[in-house]
Every structure is written in structure tokens, then in C-alpha cells.
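Data block below; observations after.
Residue numbers (our numbering): 1 to 638.
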């Protein structure tokens with residue numbers, strides 16, 4: 001990279017790479033998802049300042065014509081960028097720029113020194129004739145990314161064109177992408193045989209465009225700029241040494257089509273930006289891609305066209321039709337908004353299931369599988385709908401997700417006999433022809449298990465009854481059991497329970513008071529017969545801990561005797577419970593006091609005894625709680 005001293009601050013390669021690492025302004029290939037509003041920027045690979053690489057997405061064709069137009073100079077040969085815009089020499093815009101002793105020495109494509117063969121370090125003074133020249137503007141206006149700026153160099157005295165003259169031009173950055181990337185603020189051009197000096201618009205920029213260097217492409221933004229011209233030892237510019245140039249907005253056209261493919265397609269939705277007049281692509285331009293993912297409105301993704309003028313998006317969407325808009329977002333363009341539709345159709349699947357005959361509620365009602373029609377592979381995570389008829393006219397609609405094998409196996413509580421099932425898809429991404437199948441239930445024999453358990457009052461422990469098929473040992477779901485819990489030999493609580501998918505009925509014992517209850521369970525269903533089973537539920541009182549505090553105070557101190565009451569199992573305080581305190585006045589005589597615990601679980605007894613030591617026994621009598629009596633003492637001093 002070469003800069004002329006006193007013209008521009010040197011920029012090191014390290015600084016440029018740092019700039020490149022943060023130049024994330026575009027999205028050439030991005031993913032669109034219904035639940036993701038982020039957009040990936042242009043993916044840049046193989047960045048190499050020494051050796052230029054053309055970076056194209058999957059829509060590019062490899063090496064890229066960086067100019068994009070067909071304008072040529074008088075000689076009609078390519079310039080150094082690999083495009084078709086050329087300067088007057090017909091060779092490279094600039095060869096390899098080198099720096100010798102701080103002075104720029106620029107050679108053309110033939111190796112000729114920019115100072116007519118005189119090395120920049122040669123201090124020999126030129127003593128030959130000097131020609132005064134005038135710069136005549138020929139073409140000073142061009143559209144963004146296209147065209148050339150052309151000037152004619154003539155003898156100021158005769159008006160004759162001056163051919164093969166080295167002219168230095170400054171005022172903008174000059175980019176060269178031949179055998180490496182170079183930037184300079186002054187560049188030497190050679191007039192052709194007609195005295196024309198041609199400057200390609202695509203190789204100019206007003207800023208140090210590192211993004212352009214990565215893509216081997218730059219262009220002046222829309223606006224007006226001043227170019228300054230200077231001659232050499234034998235040529236002096238005396239008229240028009242500074243002239244303006246103008247870059248106009250380009251008339252652009254967004255080329256996009258409606259898109260239709262199967263959901264999950266690997267194809268990208270791609271659109272292209274071209275010059276409306278010439279059809280050539282417009283590179284590194286800013287567009288907005290908007291897609292209506294739901295009723296709340298459009299989601300916007302910022303995009304930048306690649307070197308083929310294209311932007312492509314992966315469509316990670318559910319099946320459906322999505323309106324899209326591509327909107328110009330570049331101040332260098334004039335382009336109308338384009339509206340199109342992206343349609344993703346559902347994939348086609350195949351449903352399969354067999355007719356089944358099962359023992360009453362002792363096996364899956366149906367086993368269904370969904371496969372992809374094209375690939376034959378199982379479809380996991382798809383939603384299936386099953387309409388199960390309980391009678392000839394009444395039915396229930398059930399929905400299930402397929403497992404990782406593409407299957408649904410479910411159990412439905414049905415009566416004895418033959419039942420119709422209509423199976424279809426209810427999925428966003430798959431459709432399939434519905435199928436009709438039948439399941440027939442036959443009467444069977446069951447085995448009831450009713451255990452014996454013990455539970456603490458209000459513990460919430462469950463009493464679990466189990467029903468299994470006596471013939472195959474399978475759990476019987478959706479089957480009715482009659483349950484009786486006897487309070488006495490003649491009185492009982494009656495329950496009707498239906499077994500769950502595991503053949504179990506659970507009864508919460510919290511409502512039962514402390515005591516022992518007989519349990520009797522029998523069949524309550526016409527679908528099976530079973531021998532009645534008996535069990536037992538024993539509810540014990542909640543164990544408490546009484547913790548009196550030893551008392552020693554002066555007579556008439558007004559202090560109290562304290563008893564703390566807690567749950568022995570959980571250590572939680574017990575409020576609102578009555579505690580009995582016996583205060584012994586002799587070995588056999590005592591006074592009885594009843595106190596109740598506060599919300600802090602403490603009962604208080606006011607001490608009125610005369611000086612002396614008194615034995616105390618703390619206990620409680622309660623239908624739901626039990627506690628061991630605790631002995632303590634009260635000491636009253638004078």
C-alpha cells in the first residue's frame with residue numbers, strides 16, 4: 001500500500017485489518033425465522049490485502065467484472081481492475097506503487113517511470129522545454145458505480161491535443177486492485193493519442209473505504225467533487241487545473257419474483273439489483289427486505305447486495321404465504337419498492353395404522369405412524385388429529401405429537417364394542433390423506449389390589465388402588481371401581497374412581513380423622529369382572545413436642561411460665577392449641593390450668609404462687625394431636 005508523503009496519513013495494514021473486522025454493514029446471505037428478527041451480515045472469507053479475492057455468494061459466478069459497464073477509452077483495452085473501463089494508456093491504471101526515500105515513484109504497466117524514466121531519487125534538474133497546457137472537461141458527470149470522467153489535455157498555445165503526457169490527479173482516494181490492493185490520494189494518468197485522460201468512476205472514493213478494499217470494488221457516492229490536475233517537468237497546467245465532477249443517482253430496478261416451494265427447502269429467496277438503463281448489476285448497495293411473518297406487521301432485515309448484485313435469504317419458516325417487500329435503503333439509488341409473495345407449501349406425508357381388537361382398556365387404542373411420502377422417513381414432532389367415536393354419532397377429537405419414530409400410541413377409555421376412528425394431520429408443515437380405522441374392545445377379567453397403609457393426620461398421603469388385567473398383566477385404564485371406606489362396621493364413605501393410564505386410582509387421606517378404616521374395592525364397570533379386594537387406612541394423630549421453660553423469679557414479679565409447642569416431625573410451631581399445666585402444691589395435690597398457644601406457638605401461664613418450688617406437668621389432650629407429658633418446675637423467691 002502506497003501513500004504520497006505530505007498528502008495523507010499513512011495507514012498500517014494492522015489498522016486496516018482492524019477496520020475490516022468491524023465493517024459489518026450488510027446481509028448477503030441470511031436466515032429468516034418466524035421467531036428471530038436478527039440478520040447475518042455479509043460473510044467475508046479469505047481477506048487478503050496482498051492477493052485480491054472476489055467474494056461472491058452462491059448466486060455469483062466466480063470472478064467478477066468490477067466495473068459493471070461497457071465504456072472503453074480510445075485504445076479500448078481493459079484497465080487494471082479487470083473491468084472494461086480503461087484509462088487513456090490502455091494498460092494498468094497504476095502499476096505497482098513503491099516508495100523510495102519518501103518520494104512516490106509510480107510505474108505504468110510497461111515499467112516506464114512516471115517521471116519519464118527519471119528516478120524519483122535522481123536529483124538531476126530538467127532543463128528542456130516546458131509546454132503550457134489547458135484541461136478541457138469532456139465528460140464530468142456519471143451515474144453511481146458507472147461511467148468515466150473524461151478530460152482533454154491541449155496545448156495552451158495551439159489547441160492541439162497532447163498525447164502521452166503524464167498528468168497527476170488528486171482530490172479523491174484512488175483505489176487499485178491489481179496484484180494487490182493499493183490506495184493513494186494522487187494518481188498519475190497518461191493521455192492517449194487524442195490527448196484524452198479517462199478516469200474510471202469505479203476506482204474512486206471520497207473515504208478510506210476498507211469495505212471496498214475487501215470486495216475489490218469502490219465508487220464515489222452521489223455528490224460533487226473537485227479534481228486537481230498537475231503536470232510534470234515538461235508540462236505545466238495553466239488553465240483549469242481544478243475541475244468539478246458530479247456523481248448522479250442511478251436509476252435502479254429491483255428484480256424479484258414470487259417464490260413457491262415446499263417447506264424446509266434449501267433454496268434461498270433471492271432478489272437482484274440492476275441498473276435500469278443498462279441491466280448491469282449494482283454492487284454493495286443497501287436494501288431493506290421486509291416480510292410479514294404475522295398479523296402484527298412486517299419484520300425488516302437490512303441487506304447489502306453482493307458482487308453479483310444479489311441478496312439471498314434462507315427461509316426457515318412454517319408453511320404458509322408471506323407477503324414480502326424489497327425497499328431501497330441507499331441514498332445513491334432511485335428504485336421503486338417491489339412487493340412479492342413467498343409461499344411455502346406443506347410436505348406430503350403418509351398415515352398408516354391397523355384395525356385393532358383389544359381386551360377392555362388393557363392395550364393402546366391405536367398405534368399410528370406418519371412418514372414422508374418422498375423419502376419414506378419417519379416424521380417426528382408432527383401433530384396428528386384422531387376423531388374417536390364413542391357412539392355412532394358422538395365423538396371426541398384428540399391431538400397428539402409424533403415421537404422420534406414418527407409414531408403416536410394412545411389410550412382412550414371406550415366402552416365394549418367396535419369404535420370408528422378417523423385419523424388426519426393437524427400439522428403446520430405436513431399434510432396427509434386421512435384414514436379410517438376401527439378398534440374393538442372385548443370384555444375381560446381384572447385383578448384389584450388394595451393395600452394397607454398408615455398415614456399421619458393431614459399429611460396428604462395418597463391411598464393407591466391398582467387394577468390390572470388378570471389375563472396379560474397389563475394396567476387397565478379408564479375402568480370404574482367402587483370404593484368404600486368404613487368408619488364403622490355399618491357406616492362408610494363411598495367413592496367411584498376411574499383408573500388412570502397406569503391403572504391406578506388415588507385417594508387423598510387428608511380428610512380422614514385419626515383412626516383405622518377398612519377399605520373395600522370392587523368392579524363398577526361392565527367391561528370387566530374382578531374379585532373384590534380389601535385394604536386398610538390407619539390415620540395417626542400429629543405428634544407434637546412440648547417445651548416448657550424453667551421458671552425462677554421473685555414473688556409478684558408478674559412474669560409468666562412459658563410452654564412452646566411444635567410439630568415433632570416438621571419442627572413447625574403450632575398455634576391455637578390448648579395445653580394443660582398441673583402445678584403441684586404437694587406430692588399429690590395440684591392445681592390444673594389450661595392455656596392456649598399464640599400465633600408464635602407459645603402458651604403463657606401467669607405465676608401467682610407464693611415463694612417456694614413447685615413441680616409442673618405439661619400435657620395436652622386432643623383428638624388430632626398427641627404429645628408426651630413433660631415435667632418442669634416453677635421457683636418463686638422472696
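C-beta atoms are modelled at their ideal positions from N, C-alpha and C, and glycine is treated no differently.
Assigned exposure category for residue 313 - 16 Cβ within 10 Å defines buried: For the purposes of this step, residue 313 is taken as residue 313 along the chain shown, with counting starting at 1. That one is buried.
Looking only at its own chain, which residues have a Cβ that is under 6 Å from the Cβ of residue 615, when we skip the five neighbours before and after it? Counted from its first residue, the chain shown places residue 615 at position 615. For residue 615, where only same-chain residues beyond five positions count, the Cβ hits under 6 Å are 584 and 633.
Closest residue to residue 364 among 373, 353, 374 and 370 (Cα-Cα distance): Locating residue 364 in the chain shown gives position 364, counting from the first residue. Minimum Cα distance to residue 364 is reached at 353.
Flag this pair as touching only if the segment 304 to 320 and the segment 419 to 432 have three or more C-beta atom pairs under 8 Å; answer yes or no. yes
Confirm, please, whether the CB-CB distance from residue 530 to residue 520 is below 9 Å. Taking the first residue of the chain shown as 1, we reach residue 520 at position 520. Taking the first residue of the chain shown as 1, we reach residue 530 at position 530. Not closer than 9 Å, so no.
How is residue 562 classed by DSSP in three states: helix, strand or coil? Within the chain shown, the letter at position 562 stands for residue 562. Note: residue 562 maps to strand in three-state DSSP.
When you compare only the Cα positions, how much space is there between residue 565 and residue 542? Along the chain shown, one-based indexing puts residue 565 at 565. Along the chain shown, one-based indexing puts residue 542 at 542. Between residue 565 and residue 542, the C-alpha separation is close to 12 Å.
Please list, in chain order, all residues of the same chain as residue 510 whose beta carbon is under 6 Å from its beta carbon, the five residues on each side excluded. Mapped onto the chain shown, residue 510 falls at position 510. The answer, listed in chain order, is 458 and 460.
So, under 8 Å CB-CB, residue 311 and residue 289 are touching, yes? Tell me the CB distance rounded to an integer number of Å. As a working note, residue 311 is residue 311 in the chain shown. As a working note, residue 289 is residue 289 in the chain shown. Contact flag correct, Cβ pair sits at about 7 Å.
Kindly list the residues whose CB is nearer than 6 Å to the CB of residue 575, restricted to its own chain and excluding five residues on each side of it in sequence; keep chain order. For the purposes of this step, residue 575 is taken as residue 575 along the chain shown, with counting starting at 1. Correct list, in chain order: 597, 599 and 601.
Where does residue 506 land, buried or exposed, given buried means 16+ other C-beta within 10 angstroms? What you label residue 506 is simply residue 506 of the chain shown in a count that begins at 1. Flag for residue 506 reads exposed.
Which runs of the beta strand (DSSP E), 3 residues or longer, sit entirely within the segment 154 to 203? 166 to 177, 181 to 190 and 196 to 200
Please name the residue or residues paired with residue 498 in a DSSP beta bridge. The count along the chain shown starts at 1 and reaches residue 498 at position 498. BP columns for residue 498 point to 480.
Go through the segment 351 to 412 residue by residue and report every complete run of the beta strand (DSSP E) that reaches 3 residues or more, in order. 356 to 359, 366 to 372, 383 to 389, 395 to 401 and 407 to 410
Whether residue 372 touches residue 386 by CB criterion (9 Å): Counting from 1 along the chain shown, the entry for residue 372 is found at position 372. Counting from 1 along the chain shown, the entry for residue 386 is found at position 386. Residue 386 sits away from residue 372, with the two beta carbons spaced by 9 Å or more.
What residue range does the beta strand (DSSP E) around residue 229 cover? Residue mapping note: residue 229 aligns to position 229 of the chain shown, counting from 1. Its beta strand (DSSP E) spans residues 223 to 230.
When 388, 276, 188 and 452 are compared against residue 422, the one with the closest alpha-carbon: Position 422 of the chain shown, counting from 1, holds the residue named residue 422. The residue with the shortest Cα to Cα distance from residue 422 is 388.
Residue 96 versus residue 184 - alpha carbon distance: Start at 1 with the first residue of the chain shown, and residue 96 comes out as number 96. Start at 1 with the first residue of the chain shown, and residue 184 comes out as number 184. Unreliable placement is indicated for residue 96, whose pLDDT of 36 sits below 50; the coordinate value is still reported in the next sentence. One C-alpha to the other measures close to 12 Å.
Do residue 400 and residue 340 come within 9 Å of each other at the CB atom, strictly closer than that value? Taking the chain shown and counting its residues from 1, one reaches residue 340 at position 340. Taking the chain shown and counting its residues from 1, one reaches residue 400 at position 400. Their beta carbons are not under 9 Å apart, which means residue 340 does not touch residue 400 by this criterion.
Sequence-distant residues of the same chain with beta carbon closer than 6 Å to residue 619, five excluded per side: Within the chain shown, numbered from 1, the residue matching residue 619 stands at position 619. Contacts found: 580 and 629.
Relative to the C-alpha of residue 496, which residue among 407, 483 and 516 is closest? Within the chain shown, the letter at position 496 stands for residue 496. Of the candidates 407, 483 and 516, the one whose C-alpha sits nearest the C-alpha of residue 496 is 483.
Close Cβ partners of residue 424 (< 6 Å) along its chain, the five nearest in sequence each way excluded: Looking up residue 424 in the chain shown gives position 424. Hits under 6 Å: 385 and 434.
Those residues which DSSP pairs with residue 275 across a bridge: In the chain shown, the residue the question calls residue 275 occupies position 275. In the DSSP output, where bridge partners are listed per residue, residue 275 has 252.
Pairwise C-alpha distance: residue 136 and residue 154: In the chain shown, the residue the question calls residue 154 occupies position 154. In the chain shown, the residue the question calls residue 136 occupies position 136. Their backbone Cα atoms lie some 8 Å apart in a straight line.
Quick check on DSSP: helix, strand or coil for residue 635? Locating residue 635 in the chain shown gives position 635, where the first residue counts as 1. Three-state result, residue 635: strand.
Give the single residue among 571, 186, 395 and 402 whose Cα lies nearest to the Cα of residue 368. As a first step, residue 368 is located in the chain shown; it is residue number 368 there, counting from the start. Of the listed residues, the one whose Cα sits closest to residue 368 is 402.
Option nearest residue 251 by Cα separation, candidates 202, 493, 589 and 145: One-based indexing of the chain shown puts residue 251 at position 251. The shortest Cα separation from residue 251 among 202, 493, 589 and 145 belongs to 145.
Check this for me: beta carbons of residue 131 and residue 235, under 9 Å apart or not? Mapped onto the chain shown, residue 131 falls at position 131. Mapped onto the chain shown, residue 235 falls at position 235. One thing to note: residue 131 has its Cβ within 9 Å of the Cβ of residue 235.
Under DSSP, the beta strand (DSSP E) around residue 570 begins and ends at which residues? Residue mapping note: residue 570 aligns to position 570 of the chain shown, counting from 1. Careful: residue 570 lies outside any beta strand (DSSP E) and carries neither H nor E.
What's the C-alpha gap between residue 536 and residue 591? Sequence index remark: in the chain shown, residue 536 carries index 536 (1-based). Sequence index remark: in the chain shown, residue 591 carries index 591 (1-based). Answer to the nearest angstrom: the Cα atoms are 42 Å apart.
Which residue comes first and which comes last in the beta strand (DSSP E) that contains residue 314? Counting from 1 along the chain shown, the entry for residue 314 is found at position 314. Note, residue 314: beta strand (DSSP E), 310 to 316.
Considering residue 343, what are the terminal residues of the beta strand (DSSP E) in which it resides? Locating residue 343 in the chain shown gives position 343, where the first residue counts as 1. Element bounds for residue 343: 338 to 345.
Using a Cβ-Cβ cutoff of less than 7 Å, which residues in the same chain neighbour residue 140 once the five nearest sequence positions on both sides are dropped? For the purposes of this step, residue 140 is taken as residue 140 along the chain shown, with counting starting at 1. If we look at residue 140 and ignore the five residues flanking it on each side, its Cβ neighbours are 149, 243, 244, 245 and 246.
Inter-residue spacing [alpha-carbon to alpha-carbon] between residue 117 and residue 166: Along the chain shown, read from residue 1 onward, the residue named residue 117 stands at position 117. Along the chain shown, read from residue 1 onward, the residue named residue 166 stands at position 166. Confidence in residue 117 is poor, its pLDDT being 37 and thus under 50, which makes the residue's placement unreliable; the coordinate value appears in the next sentence. Going from the Cα of residue 117 to the Cα of residue 166 covers about 11 Å.
Buried or exposed: residue 138, going by 16 or more other Cβ atoms within 10 Å of its Cβ? As a position in the chain shown, residue 138 is number 138, starting the count at 1. Answer is exposed; the Cβ neighbour count stays below 16.
DSSP has residue 550 in a bridge; who is on the other side? Position 550 of the chain shown, counting from 1, holds the residue named residue 550. Answer is none; residue 550 lacks a bridge partner.
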